[in-house]
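A short worksheet on the structure shown next.
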Amino acid sequence: MNNILFLCLSVVIFVHCFASENQCEFETVETIPNGVELSEPKSLSTLDAILSLINNAKESLDISALYLTLSCRDQSEEVAAGCENGEKILNSIINATKLRNVNVLIAMSTKFSAISSNDVELLTEAGVKFQYVSMKKGALRTKLIIADNNSAYIGSANLDWRSMTQVKEFGVYINNCKQVALDLKKIFQVYWLFGKHNSRFSSRWSKSLSTKFNIANPMKIELNSELAQLYISSSPKRFKTIGRTDAFKALIKVIENAEKFIYINVLSYLPIFKSSNKYWPAIENALRKAIIERNVTVKFMVGKWPHTNNNQFVFLHSLNYLSKLSVSGNFQYKLFRVPALNESIEYTRFARNKYMVTDKQVYIGTLDWNADYFQYDAGIAFVASFDSNDNNLRRKVENIFDRDWSSSYTISGDLFNF
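Here the sequence shown stands for residues -19 to -1, 1 to 399, where the numbers follow mature numbering (1 follows the signal peptide of the UniProt record, and there is no 0).
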């Protein structure tokens, strides 16, 4: 009897421990720009998510960034009032390394190194180690923070004070999820090694950087107590390690898996390679097949601001004509415009979301849907599906899209003249 009781107790303990290791907390993360009013659902703010990761880190912080513009140094008085949140992040990183001896590593693109010099100087003095990543035809556009190989942020937000208050951003906060964090760490290590070896690193990456989680074999874990399958994809192909799914392949597969709807929210969509003017039809072909062959509803939302390349609207208008076909599927597109507040602050007041949600999956990336980006730039995407259709992460992202789509900040593509 005692042996049976011991065996049962051992099984219970094993199951509990196994479940605890695979139970992860995920939350949507957003920056809603000052002056923009949006209804429910609400998300964790980008500032709070980043500060939580930094302030709770005990051993390590691994950060991938396009550039750093967090400090108020050399900013005009008019701008300085808005960069206080950037200073909070900057000081939190300094405190982490100086007061708690946290090992802080930052991999950063060389493309915008000049505008990052102030922050790099301050952080280097505090003990932060930097590794510049030089890419001839692209840039490191992965926005990623990993804390203690246990929690992380993936999203659109740069380490820029503007991303905390002036630009609409979207991402995901991953808490207490070692399996996902360690998989992300492998991608970060690829960036670090690539930069360390002056961009001449062998295309044969070490097996230690390989992953067993991909489009064919996703992780099976609990996200907020709901069973889910997820994997992290990466681009470009030169950064692809053994087992890693290419980010563009993942994007197309999410479109192909949709049965009822596909909702897309990105800053820009341009299916042309700038350098060669070659057409890049893969996304359009996948969307057309979804609409015509599977009767899927597609809603496509893009950002509109002074730097928008209006060529993208030619392609969106072309897709829009599919709605005239006598099929059940249809295509609609809208522009999301963030109203101006202070025109003296450059590169602000726009929506930089980079995600897609379908009736089956959610795709949260760090790249806009431009041909050159997927071909040459470094980026990642979080892809997840769920066993149920209850109130999970996928459903919340769907509700966030619906909120923005129906808001007063959008204009229908049918009404837009370019």
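Don't be surprised by glycine CBs; every beta carbon is placed ideally from N, CA and C. The model shown is predicted, which means the values in this text are computed figures rather than measured ones.
Note on geometry: alpha-carbon atoms of THR339 and THR192 lie some 26 Å from one another. In the displayed model, PHE397 falls within coil according to three-state DSSP, outside both helix and strand. Straight-line spacing of the CA atoms in ASN157 and SER33 works out to 12 Å. According to the DSSP assignment, LYS110 belongs to the beta strand (DSSP E) that extends over 110 to 114. When LEU25, GLY346, TRP350, LYS280 are compared, the shortest CA-CA separation from ASN290 is found for TRP350.
Contact between GLN147 and GLY224 does not hold, since their C-beta atoms are separated by about 39 Å, which reaches or exceeds 8 Å. Every unbroken stretch of the alpha helix (DSSP H) spanning 4 or more residues and falling wholly within the segment 269 to 328 is given here in chain order: 293 to 301. Within the DSSP bridge table, the entry for LEU211 names MET200, ALA365 as partners.
Straight across, the Cα-Cα distance linking ALA231 with SER20 is about 31 Å. In the DSSP assignment, LEU42 falls within the beta strand (DSSP E) that extends over 41 to 46.
The segment 59 to 111 contains, as complete alpha helix (DSSP H) runs of 4+ residues, the segments 65 to 80, 98 to 107 (chain order). TRP386 and MET145 have their C-alpha atoms some 22 Å from each other.
Per DSSP, reduced to three states, the secondary structure at TYR250 is strand. Contact check for ILE35 against ILE70 passes: the beta carbons are separated by less than 8 Å. Ranking VAL279, THR27, SER24, SER137 by CA distance to the CA of LEU303 puts VAL279 first.
Taken through DSSP and simplified to helix, strand or coil, LYS118 comes out as coil. About 5 Å separates the beta carbon of PHE254 from that of ALA352, a gap short enough to meet the 8 Å contact definition.
For the segment 134 to 204, the continuous alpha helix (DSSP H) assignments of 4+ residues that do not extend past its boundaries occur at 143 to 146, 159 to 177, in sequence order.
Per DSSP, ILE223 lies in no alpha helix (DSSP H) and is assigned neither H nor E.
At least 8 Å separates the beta-carbon of ARG375 from that of ALA362. The beta carbons of SER24 and ASN334 sit no closer together than 8 Å. A direct Cα-Cα distance of roughly 44 Å separates LEU251 from LYS79. A straight line joining the alpha-carbon of GLU68 with that of LEU190 spans about 34 Å. Counting along the chain, the unbroken alpha helix (DSSP H) around LEU34 starts and ends at 27 to 37.
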